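Read the structure below first, then the notes.
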Amino acid sequence: MRQRGYGRDPELTFRMSFTILMLAMVYVGFMALLFWAGVPWMFILGIAIAMAAFQYYGSDKIVLMTTGAREVSAEQEPRLHAAIERLAAMADMPKPKKIAVMDTHVPNAFATGRNPKNAVVAVTRGLLARLNEREVEAVLGHELMHVKNRDVMVLTWASIIVIMAGFLMQMLFWVSLFGGFGGRDRGSGSGQAGLIMIAVYVGTIAVYFISQLLILALSRYREFAADRGGAILTGAPGQLASALAKISDDMYRIPEKDMRRVEHANAFFIIPALKGGAIASLFSSHPKVEQRIERLMNMQRESERGLTRFRV
209 MRQRGYGRDP
219 ELTFRMSFTI
229 LMLAMVYVGF
239 MALLFWAGVP
249 WMFILGIAIA
259 MAAFQYYGSD
269 KIVLMTTGAR
279 EVSAEQEPRL
289 HAAIERLAAM
299 ADMPKPKKIA
309 VMDTHVPNAF
319 ATGRNPKNAV
329 VAVTRGLLAR
339 LNEREVEAVL
349 GHELMHVKNR
359 DVMVLTWASI
369 IVIMAGFLMQ
379 MLFWVSLFGG
389 FGGRDRGSGS
399 GQAGLIMIAV
409 YVGTIAVYFI
419 SQLLILALSR
429 YREFAADRGG
439 AILTGAPGQL
449 ASALAKISDD
459 MYRIPEKDMR
469 RVEHANAFFI
479 IPALKGGAIA
489 SLFSSHPKVE
499 QRIERLMNMQ
509 RESERGLTRF
519 RV
């Protein structure tokens, strides 16, 4: 089955490229600050890479463990396995290594894993109960695009600067707590060293928050890209728009205690398990659902116009 094309999205491509460029500039500036201050940046970079590598290689196991998602066999969930296998073949990628189900009423889904050969796709019982078969397929297409686009790898390595800044902030906090920024009875040399460390502390805090905002923006753009890729894969943007609308609407009917049980997986979910919160657009890892639906419906209209021209 041939995937349908809806034209390129140069605006989205530009935004992702620009965000990555800005992250790179922040990274270079941060390294220059550490070099100027004589901070052992190689040690801090090594710690950050080690932590990122642990997160990268263990992301599938960590998420399954924290969410309580249970791996299911093809005998237990034949329709789910068949749908994912069919979509994976259409996307020209291997079938995910693990397929799991979360026993929760919260309608949602997620994908993780360091590459297509070591991926996990999980759905909740709530999602399977609330969506029809085509909507479930549209959601699975979105999740498979996260795997195909290697979003876990992109966002993990983009996060190295945040890990570095966070680690350094903790170090400098403890140094300041024990008088490491220069004291009253110390000479001018110690006072100057203290001023340098204060400058590094302030710069590190700025780098941490700026890079965090850039990474959240990049994550939002990756969601748009997964929506688009999933819609092209299934040829049904309207079905994914319908699924997103249902998930979002039902989120307000889910008991608070059920939401709290899965909130630690919000960064992975197709829609975060959150209620309200207008602050959210700037500090969210996902775009607004309304924006995603609007883009998908534009794709649907474009597709229908193309079909009409073909028939005429």
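Counting from 209, one number per residue, gives the positions in the sequence shown under the numbering used here.
Every residue, glycine too, gets a C-beta built ideally from N, C-alpha and C.
Quick caveat, the model's predicted, so the values are computed rather than measured.
Since I believe residue j is in contact with residue i (beta carbons under 8 Å), could you give me their beta-carbon distance rounded to a whole number of angstroms?
i, j, result
"A605", "F318", "Coverage of the chain is limited to positions 209 through 520, which leaves residue 605 absent and any answer about it impossible."
"V347", "L288", "Not quite, the Cβ-Cβ distance comes to about 11 Å (not below 8 Å), so this is no contact."
"A481", "M459", "7 Å"
"P304", "V247", "With a Cβ gap of about 42 Å, P304 and V247 do not count as contacting."
"G349", "L231", "Contact flag wrong, Cβ pair sits at about 28 Å."
Taking the alpha helix (DSSP H) that residue i belongs to, which residues open and close that run?
i, result
"S349", "Residue 349 is actually Gly in this sequence, not Ser. Residues E341 to K356."
"G321", "Premise fails: G321 lies in the beta strand (DSSP E), A317 to G321, not in any alpha helix (DSSP H)."
"K465", "E464 to V470"
"F476", "F476 -> no alpha helix (DSSP H), and no H or E assigned at all."
"A453", "P445 to M459"
"A366", "D359 to A366"
"P218", "P218 to A245"
What separation, rounded to the nearest whole angstrom, lies between the Cα atoms of residue i and residue j?
i, j, result
"Q160", "T412", "Residue 160 lies beyond the residue range present for the chain, which begins at 209 and ends at 520; the question has no answer from this structure."
"M467", "V314", "7 Å"
"R294", "M353", "14 Å"
"D311", "F476", "17 Å"
"A434", "L253", "30 Å"
"T227", "I257", "21 Å"
"W171", "G443", "Absent from the structure is residue 171, since the part of the chain shown begins at 209 and ends at 520."
"E219", "L422", "17 Å"
"M298", "N357", "15 Å"
"E498", "F251", "44 Å"
"I462", "L242", "47 Å"
"Y416", "G374", "7 Å"
"R223", "Q378", "32 Å"
"R500", "A451", "11 Å"
"S225", "S456", "29 Å"
"K306", "K269", "10 Å"
"P324", "R509", "31 Å"
"R436", "A327", "20 Å"
"S267", "P445", "29 Å"
"E464", "F491", "21 Å"
Considering residue i, what are the terminal residues of the beta strand (DSSP E) in which it resides?
i, result
"M310", "K306 to M310"
"A330", "A327 to T332"
Check the Cβ-Cβ distances between residue i and every residue of chain C, and say whether any is below 9 Å.
i, result
"T412", "Looking at the structure shown, chain C is missing, and only one protein chain is on hand."
Runs of alpha helix (DSSP H) wholly within the segment 251-306 (minimum 4 residues, chain order): 286-298
How about the segment 233-244 and the segment 358-377: do they share at least three Cβ pairs that are nearer than 8 Å? yes
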